[in-house]
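For the working numbering, count along the sequence shown from 1 and bump the result up by 1102. Contents: one structure, followed by commentary.
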Amino acid sequence: MIIVMKQSSTPQDVEEVVGILKSRGLGANLSTGSQATIIGVLGDKAKLGGFDFELLDSVEKCVPIMHSYKLASREMCPDGRLVQAGGEVVGGKKLLMIAGPCAVENEEQIMKAAVGVKEAGATFLRGGAYKPRTSPYSFQGMEEEGLRLMRRAADATGLKVVSEVVAHDLIETAAKYCDMFQIGARNMQNFRLLREVGRSGVPVLLKRGISSTIEEWLDAAEYIMSEGNYNVVLCERGIRTFETATRNTLDVSAVPVVKERSSLPVIVDPSHAAGKSRYVLPLSLAAVAAGADGLIVEVHPNPAEALSDAAQQLTPQAYAALFQKVGAVAAAVGRSME
Ligand code: PEP
Ligand code: MN
């Protein structure tokens, strides 16, 4: 439930409502929006024991939230949440531009990738150190050494680091190197992992599960937020459909749907959706035109030699061209690249 305060309400009125909630063992999420102050009620509403907030002079109305996710809902924060990650603000005018290789492979590779994506204009370096591979015989990643190399490349070029954590017992180690954790598509419903990244307080990039509905995806975000970590960015990366021409089907419509139902920013990963590098540019343009808050793109200094996802990675030159073209679409829809 949310409690919408009257425009004439004072900070003391808000405090009174929060106090009543606390005294009944409930939490409160405050959102001071452009229209009104909204107090989100956190916890089991039954604890109110029938208390009617609408009887208070300062309260405009109480509105139930009909979804299972509450903190992630649009109702709870109608103006949208601005997420803080590595000194960047996500969900405002500026697009979050993340780029880098599928996996960290060696020092030279990650350094070249970092230099290339930084020159193009990206602010975050991506790269997997713990790789969730379909086959146990495929390259599994460099683990902590990969994170160390990526941090070094990012620091040398002035980039921030986002990397996937695949298990809760890796969080402490990964937190030493990452500005943001990625939760991969295969782990979107690993609820223990979601809770633990929530507790870590590190900003989270939450990929949509391979066959997950938008509701399930937002429930997954709620797991993280319910632990007090509101710095969650959603990432549409394509879903599994009957179509085989692309690796996955990019659900562009998820962008406006998420914007309507959730207060969280949503970015798009055109690389894992396309599976082929030549489709990455058109999907990127479509994503930004549809209202995405940024892009995460795979970029490798020598894609043909990549140890994973070779077919979908862009060269740094191709990424620089993409960055320019995305800039034109961004300007057309009122967004900016810097
Ligand atoms: C990745 O971004 O490295 C990745 C494995 O993506 P996804 O979890 O979306 O498949
Ligand atoms: Mn990949």
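We treat Cβ as the ideally placed atom computed from N, Cα and C, and that holds for glycine. All figures in this text were calculated on a predicted structure; none of them were measured in a lab.
Does the Cβ-Cβ distance between residue i and residue j come in under 8 Å?
i, j, result
"Ser1160", "Met1213", "no"
"Val1191", "Val1335", "no"
"Gly1311", "Gln1291", "yes"
"Gln1414", "Ser1373", "yes"
"Glu1338", "Ala1322", "no"
"Ala1222", "Ala1422", "yes"
"Pro1418", "Val1401", "yes"
"Asn1333", "Gln1186", "yes"
"Val1219", "Met1244", "no"
"Cys1204", "Ser1386", "no"
"Val1268", "Gly1286", "yes"
"Gln1242", "Arg1253", "no"
"Met1178", "Asn1208", "no"
"Pro1405", "Gln1211", "no"
"Met1327", "Pro1305", "no"
"Val1143", "Leu1128", "yes"
"Ile1141", "Ile1104", "yes"
"Ala1392", "Pro1367", "no"
"Ile1341", "Ser1379", "no"
"Tyr1232", "Glu1274", "no"
"Leu1320", "Ala1174", "yes"
"Pro1363", "Arg1228", "Note on identity: in this sequence residue 1363 is Arg, with Pro being the wrong assignment. It is not a contact, given that the beta carbons lie outside the stated cut-off."
"Val1382", "Leu1416", "yes"
"Ser1438", "Ala1432", "yes"
"Lys1149", "Arg1126", "yes"
Rounded to the nearest angstrom, how far is the Cβ of residue i from that of residue j, given a contact under 8 Å?
i, j, result
"Ala1376", "Arg1349", "6 Å"
"Phe1226", "Leu1198", "7 Å"
"Ile1200", "Ala1224", "6 Å"
"Tyr1325", "Arg1297", "6 Å"
"Glu1162", "Ala1138", "7 Å"
"Glu1440", "Lys1124", "Between Lys1124 and Glu1440 the Cβ distance is about 42 Å, and since that is not below 8 Å, they are no contact."
"Gly1135", "Pro1180", "5 Å"
"Arg1288", "His1270", "Arg1288 to His1270, Cβ: 15 Å. No contact."
"Ile1316", "Val1360", "6 Å"
Does at least one heavy atom of ligand 2 sit under 7 Å from the Cβ of residue i?
i, result
"Glu1400", "yes"
"Asp1159", "no"
"Cys1204", "yes"
"Ser1265", "no"
"Ser1379", "no"
"Asp1411", "yes"
Per DSSP, which residues does residue i bridge with? Please list them.
i, result
"Thr1134", "Thr1139"
"Val1191", "Gln1186"
"Ala1205", "Gly1230"
"Ser1265", "Phe1283"
"Cys1164", "Ile1105"
"Leu1336", "Leu1308 and Val1368"
"Glu1400", "Gly1202"
"Lys1196", "Ser1438"
"Gly1129", "Leu1144"
"Leu1416", "Val1401"
"Ile1341", "Thr1351"
"Ser1175", "Ser1364"
Can we count residue i as close to ligand 3, meaning its CB is less than 7 Å from some heavy atom?
i, result
"Ala1412", "Ligands displayed in this structure: ligand 1 and ligand 2; ligand 3 is not among them."
Step through the CB atoms of chain B and report whether any lies within less than 8 Å of the CB of residue i.
i, result
"Ala1356", "Included in the structure is just one protein chain, with no chain B present."
Quick check on the contact list: which residues have their beta carbon closer than 5 Å to a heavy atom of ligand 1? Gly1230, Gly1286, Ala1287, Lys1309, Arg1339 and His1374
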